[in-house]
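Colleague: I have a structure here, written as structure tokens, and I will follow up with some questions on it.
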Amino acid sequence: MMFILHGQKDVHFNFSNVIDLNRWQKLINEKFLENEDIYPGGISGVLSILKDTFRVLSLE
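The numbers in the sequence shown follow our numbering, run straight up by one, and end at 98.
Right under this line is the structure:
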């Protein structure tokens, strides 16, 4: 799975066991849900970004 953050390099999340899954969940929280650059904060901000992204992609 790959996520691209504005102004940051690509962040890849791969997991094959429970330890990797925990690490993956921690990275998701740090990079997206607790990121102060994303407004509004939390899942609302992430969903807002995804909504805008899909809107732009549908216009292309």
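A virtual CB, placed ideally from N, CA and C, is assigned to each residue, including glycine.
Return the Cβ separation of Leu97 and Val84 in integer angstroms, given the expectation that the two are a contact with Cβ distance under 8 Å.
Modeller: With 8 Å as the limit, Leu97 and Val84 do not qualify as a contact, their Cβ atoms being about 21 Å apart.
Colleague: Any idea what DSSP makes of Asp90, helix, strand or coil?
Modeller: Helix, per DSSP.
Colleague: In angstroms with no decimal places, state the Cα-to-Cα distance between Lys89 and Leu65.
Modeller: Taking the straight line from one Cα to the other gives about 22 Å.
Colleague: Secondary structure at Ile81, three-state DSSP: helix, strand or coil?
Modeller: Helix at Ile81.
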